[in-house]
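As structure tokens, the structure follows; a few thoughts come after it.
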Amino acid sequence: SGFVSGGTIDQPVERDDEWLKAQQDIEANHRRKEEEARQEGGKTLYEVLQANKAAKQEAFEESIRLKNQFRTLDEDEVEFLDSVMESTRAKEEAIRKQTADQLDLFRRQQEEAEKAALAQPDTAEAVAEEENWVTSGKKRKKGKDKAPIKGIKLRKTST
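Counting in the numbering used here, the sequence shown runs from 1267 upward without gaps.
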């Protein structure tokens, strides 16, 4: 409430002291801000912000330049890559050798079977019949009609 009693005449003097103290604090803050502005060479806020923006842009471009540069591999990296290449070469060579060995074995068995078939003609027919029974497990699809027009079928006569 804004009511002031009559016996409070001495208190406004104290308020004046408090008022002066608060005013001095405000002026001190104002002076400190002015000094901070002078430390930056008296530049305006716009100039300071532009300088900061340019510095950030330059730092960003420098980091991009460094990212895109090639660097030499360390010895540990070189050794690791060499070991990986050697292991893949060894695996490929083992697979290649195994395939060649199996292919040679198959060819030898095939040649032996042909020689045996030529030596004994009676058993060759029996072996051929057995193979037919083993390999005829799948049905074959019928080929497409060779008739140029749909609906027309060619009759084949047996001779």
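Even glycine gets a Cβ: it sits at the ideal position worked out from N, Cα and C.
Computed from a predicted structure; not experimentally measured.
Helix, strand or coil, according to DSSP, for residue i in the structure here?
| i | result |
| --- | --- |
| Phe1269 | coil |
| Asp1340 | coil |
| Arg1373 | helix |
| Lys1309 | coil |
| Ala1390 | Low confidence applies here, because Ala1390 scores a pLDDT of 46, under 50, leaving its location unreliable; read the following figure in that light. In the structure shown, Ala1390 sits in a helix (DSSP, three-state: H, G or I). |
| Leu1286 | helix |
| Lys1363 | helix |
| Lys1319 | helix |
| Asn1418 | Residue 1418 is actually Ile in this sequence, not Asn. Three-state result, Ile1418: coil. |
| Ser1424 | coil |
| Lys1299 | helix |
| Lys1407 | coil |
| Gln1368 | helix |
Is there at least one Cβ from chain B nearer than 8 Å to residue i's Cβ?
| i | result |
| --- | --- |
| Ala1288 | Any reference to chain B falls outside this structure, which holds one protein chain only. |
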